[in-house]
Amino acid sequence: MQKNTESHKPLFSGFSDADTEQINRALAIVEQIPEDSHYFRPTGVEVAAILMDLNVDLKTILAAILSDPRLANLNSKPNIKGIFGKKVAALVDDVNWLNKLTVYTLEMTDQPNQTETLRRMLLSMTQDVRSVLIKLAYRVQRLKVLPKDSYELRRFIAQETLDIYAPIANRMGIHQLKWELEDMAFRYLKPQSYRRIAKSLSDNRAQRENCINSFIELLQKKLADEGISAKIYGRPKHIYSIWKKMRRKQLDINELYDLLAVRVIVDNLSNCYMTLGVVHSFWQTIPKEFDDYIANPKENGYQSLHTVILDPQGNRIEVQIRTQQMHDFAELGVAAHWSYKEGGKHDTAIEKNIASLRKLLEEKGDDTLSENFRSELFSDRVYVLTPAGKLIDLVKGSTPLDFAYAIHTEIGHRCRGAKVNGRIVPLTYSLKSGEQVKILTAKEGGPNHNWIDLNLGYLKSSAAIGKVKSWFKNQQQNQNIITGKTILDKESQRLGLKILNLNELAKHFNQPDTDKLLEAIGRSDITRRQLAAFFKVPELEAPLQPRSRQALGLRLRQALQGKKTEVKSVISVDGIDNVLTSLAHCCVPVQGDDIIGYISHKKGITIHRKDCENIMHLAPEKQDQLIAVNWGEKKTSHAIPIVIDAFNSKNLLNDVTHILAHAKIHISNAALNTHPDFSAQLNLTIQIENTDQLSQVLNKISQLTNIVDVKRKT
Numbered sequence: 001m002q003k004n005t006e007s008h009k010p011l012f013s014g015f016s017d018a019d020t021e022q023i024n025r026a027l028a029i030v031e032q033i034p035e036d037s038h039y040f041r042p043t044g045v046e047v048a049a050i051l052m053d054l055n056v057d058l059k060t061i062l063a064a065i066l067s068d069p070r071l072a073n074l075n076s077k078p079n080i081k082g083i084f085g086k087k088v089a090a091l092v093d094d095v096n097w098l099n100k101l102t103v104y105t106l107e108m109t110d111q112p113n114q115t116e117t118l119r120r121m122l123l124s125m126t127q128d129v130r131s132v133l134i135k136l137a138y139r140v141q142r143l144k145v146l147p148k149d150s151y152e153l154r155r156f157i158a159q160e161t162l163d164i165y166a167p168i169a170n171r172m173g174i175h176q177l178k179w180e181l182e183d184m185a186f187r188y189l190k191p192q193s194y195r196r197i198a199k200s201l202s203d204n205r206a207q208r209e210n211c212i213n214s215f216i217e218l219l220q221k222k223l224a225d226e227g228i229s230a231k232i233y234g235r236p237k238h239i240y241s242i243w244k245k246m247r248r249k250q251l252d253i254n255e256l257y258d259l260l261a262v263r264v265i266v267d268n269l270s271n272c273y274m275t276l277g278v279v280h281s282f283w284q285t286i287p288k289e290f291d292d293y294i295a296n297p298k299e300n301g302y303q304s305l306h307t308v309i310l311d312p313q314g315n316r317i318e319v320q321i322r323t324q325q326m327h328d329f330a331e332l333g334v335a336a337h338w339s340y341k342e343g344g345k346h347d348t349a350i351e352k353n354i355a356s357l358r359k360l361l362e363e364k365g366d367d368t369l370s371e372n373f374r375s376e377l378f379s380d381r382v383y384v385l386t387p388a389g390k391l392i393d394l395v396k397g398s399t400p401l402d403f404a405y406a407i408h409t410e411i412g413h414r415c416r417g418a419k420v421n422g423r424i425v426p427l428t429y430s431l432k433s434g435e436q437v438k439i440l441t442a443k444e445g446g447p448n449h450n451w452i453d454l455n456l457g458y459l460k461s462s463a464a465i466g467k468v469k470s471w472f473k474n475q476q477q478n479q480n481i482i483t484g485k486t487i488l489d490k491e492s493q494r495l496g497l498k499i500l501n502l503n504e505l506a507k508h509f510n511q512p513d514t515d516k517l518l519e520a521i522g523r524s525d526i527t528r529r530q531l532a533a534f535f536k537v538p539e540l541e542a543p544l545q546p547r548s549r550q551a552l553g554l555r556l557r558q559a560l561q562g563k564k565t566e567v568k569s570v571i572s573v574d575g576i577d578n579v580l581t582s583l584a585h586c587c588v589p590v591q592g593d594d595i596i597g598y599i600s601h602k603k604g605i606t607i608h609r610k611d612c613e614n615i616m617h618l619a620p621e622k623q624d625q626l627i628a629v630n631w632g633e634k635k636t637s638h639a640i641p642i643v644i645d646a647f648n649s650k651n652l653l654n655d656v657t658h659i660l661a662h663a664k665i666h667i668s669n670a671a672l673n674t675h676p677d678f679s680a681q682l683n684l685t686i687q688i689e690n691t692d693q694l695s696q697v698l699n700k701i702s703q704l705t706n707i708v709d710v711k712r713k714t
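Listed below in structure tokens is the structure:
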């Protein structure tokens with residue numbers, strides 16, 4: 001056992017004595033794993049060895065060694081937290097979770113939204129960026145031993161690598177791993193294409209090397225003449241990227257002219273642009289192929305100058321120019337950060353290089369790579385699965401009800417319960433990434449008004465809340481349309497109209513279509529009096545024939561003497577009290593309303609509200625029939641109709657009558673209409689003394705928990 005531990009030590013050289021002691025402790029733990037000649041999957045030591053080339057820190061190496069899958073089979077589990085600390089233990093937990101994750105399916109290859117959601121989910125659920133690095137190294141080692149697996153498993157793992165892990169490596173800027181993952185996965189998926197490209201590259205290697213060496217020798221001399229120190233070497237083209245370019249341009253490999261590439265590493269930023277000037281001065285360039293990724297870095301932080309030249313033989317050679325620090329970040333991405341972390345201050349170029357990467361991978365306000373990684377990009381998201389394995393991207397804090405509406409609006413409307421990971425949960429349950437959600441629905445029905453109450457916590461998503469509100473709005477609109485049609489039918493029957501031109505009617509009342517017309521009638525925006533006016537039916541009565549002013553004076557004196565009147569009301573007419581009058585049925589005035597009198601043919605003085613539409617639109621020839629009136633001091637009650645809309649009929653009548661009884665208000669008529677979704681409309685006629693009393697009681701009713709709207713019916 002000790003012998004095996006010693007054999008691993010050369011893999012992990014370069015650490016301090018204290019760090020080396022920690023590594024030896026980890027190696028001693030994995031050496032306790034019984035030998036298994038049939039085991040060929042990645043081991044922790046193999047993965048740690050891959051990570052050594054990425055210049056990672058001690059905790060990453062320890063976590064890689066200790067996340068060896070075989071440790072789960074030990075009878076006595078090591079106390080990783082006690083021996084190596086909570087950071088290493090958390091890393092190991094993250095890696096073990098990533099290694100066991102089984103969300104990916106081959107169908108996701110044709111579903112780019114699903115693959116992107118899964119990549120985001122992986123990054124959002126890992127607490128530390130180093131666990132992702134370790135997982136990528138595990139995948140590299142897994143691909144190396146993949147030939148020992150079945151054909152189906154090889155293709156599955158290779159496709160998952162291209163869809164999920166290579167893009168994550170690219171996003172983190174670790175091109176060294178990205179290219180390795182892509183080429184190995186491509187080899188398993190397209191073995192013939194891989195071998196053909198590899199053979200073509202091998203057959204032409206000598207010619208390419210001569211071309212590259214000649215260019216490097218001449219460029220080295222030109223830079224030396226300018227006093228620029230640089231390392232120049234040929235850059236291999238990766239097989240997968242060549243294949244993608246062949247497909248994109250519809251060309252054979254022999255027709256590609258940019259397989260030759262050179263990389264130039266210089267000391268500082270200014271020398272990057274000086275080198276570019278030298279290249280453009282001595283060689284013919286292709287302008288469309290120039291890119292300045294130093295001034296405009298890629299999203300993952302990549303920086304470099306790219307240009308393409310033509311040598312005297314007509315060969316196209318791509319030239320990449322960068323500093324050593326830019327190069328390290330280009331190859332190692334976030335992993336390169338540890339190389340500089342202990343080295344003192346960062347220069348401006350480095351900070352600019354990794355600025356966008358920090359936005360992706362670091363917490364706010366931290367100048368070094370945070371060990372407790374939480375990406376800003378994913379901090380407000382949660383990723384959950386359907387029973388079929390489809391990933392759904394939701395806002396953080398979302399509930400099963402939000403999930404239901406994200407699946408389909410109708411599923412949201414009919415949602416009545418939910419299971420999370422097979423367990424029944426409340427609809428207010430806060431979902432966590434990685435959970436599987438199943439929605440329980442009713443065959444019919446709609447949402448509950450409680451769902452849009454933010455204080456109750458049923459919905460987090462503004463989109464879902466909007467869908468619920470829209471449903472209730474549509475239900476009210478439909479009900480108003482039905483009511484409006486009923487009113488219009490009754491009016492047409494009463495007025496003896498056989499044919500109604502609804503389009504003409506809609507145009508008259510400035511409504512865009514007939515549905516909007518019926519809706520306006522149903523919610524009393526268009527009154528029966530207005531309809532009567534349209535059909536040219538008298539609004540009040542025929543105007544007085546101007547036979548003489550004496551007739552008008554006679555009727556006024558009769559009214560003041562209490563003759564030919566119907567209802568006694570406390571009204572003062574021209575300062576005279578105890579005048580018998582009648583209240584208009586069109587506007588139902590209440591004590592406190594601003595009122596005016598109308599001298600009618602048969603009913604004496606009819607009292608209207610001053611804002612009554614019939615008074616506001618009174619024909620000029622009738623203006624002489626108006627007279628000033630005021631409320632007297634004696635209290636009296638008035639029958640006022642009110643309408644109450646509620647989203648739940650349960651206890652509605654009881655709650656409302658309790659409020660009215662407490663206010664000593666008598667109910668003279670009541671009608672409760674319930675709907676299939678349990679909402680209800682309560683129509684009441686109550687006895688009110690004045691407008692203040694009416695306002696107070698309506699306000700109290702509106703404060704009941706299930707009330708949608710309460711108003712005086714016009």
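Numbering of the sequence shown is given in the working numbering, commencing with residue 1 and proceeding in unit increments.
We put the CB at the ideal spot given by N, CA and C, even for glycine.
Distance from the Cα of V697 is smallest, within the candidate group L682, K664, V382, for K664. Contact annotation: D128 and D94 have beta-carbon atoms nearer than 8 Å. In chain order, A166, Y240 place their CB closer than 6 Å to the CB of E182, counting only its own chain and leaving out the 5 sequence neighbours on each side. Residue pairing of Q696 in beta bridges, as defined by DSSP: absent, with no partner found.
Nearest Cα to S398 within the set S200, R423, D593, V437: V437.
Residue range 17–30 is occupied by the alpha helix (DSSP H) that includes N24. The secondary-structure analysis by DSSP pairs I640 across a beta bridge with I686.
Taking C-beta atoms as the reference points, Q320 and V278 fail to come closer than 8 Å. Annotation: the continuous beta strand (DSSP E) that includes T307 extends over 305–310.
In the displayed model, H280 falls within a helix according to three-state DSSP. Assigned with DSSP and collapsed to three states, S492 falls in helix.
DSSP places Q176 in the uninterrupted alpha helix (DSSP H) bounded by 175–189. For K222, the CB contacts under 7 Å within the same chain, skipping 5 residues up- and downstream, are V278, F282 in chain order.
Taking the Cα positions, L62 is about 39 Å away from P400. Exclusion of the five residues before and after S193 leaves W243 as the residues of its chain whose Cβ lies within less than 7 Å of its Cβ. Ranked by how close their Cα comes to the Cα of R171, the residues R120, A520, S668 have R120 in first place. According to DSSP, L672 shares a beta bridge with L682. Beta-bridge partners assigned by DSSP to G234: V262. CA-to-CA, the gap between T386 and K77 works out to about 34 Å. W631: not part of any alpha helix (DSSP H); member of the beta strand (DSSP E) spanning 629–631, first to last residue. DSSP places S582 within a strand segment (E or B) once states are collapsed to three.
With distances taken between CA atoms, T514 lies nearest to Q477 out of Y383, T705, Q477. Just so you know, the alpha carbons of T161 and N213 end up roughly 35 Å apart. Going by beta carbons, L143 and M184 fall inside the 8 Å limit. I482 sits close to G522, with the two beta carbons spaced by under 8 Å. A straight-line Cα-Cα distance of about 36 Å links L660 and R414. The C-beta of D68 has 16 or more other C-beta atoms within 10 Å across all chains shown, which makes the residue buried. Secondary-structure assignment with DSSP links R247 through no beta bridge to anything. Under the three-state reduction of DSSP, K87 is assigned to helix. The way I'd put it, the segment 586–593 does touch the segment 605–614; three or more beta-carbon pairs between them come closer than 8 Å. Where I61 is concerned, the enclosing alpha helix (DSSP H) starts and stops at 58–66. DSSP links R423 through a beta bridge to V420.
Looking at N474, D453, V262, the one whose alpha-carbon comes closest to that of N210 is V262. When C-alpha distances from G422 are compared across Y429, G412, E435, E504, the shortest belongs to E435. Inclusion of T126 and L98 in the CB contact set at 8 Å is warranted, their separation being smaller than that value. With fewer than 16 other Cβ atoms inside 10 Å of its own Cβ, F290 counts as exposed.
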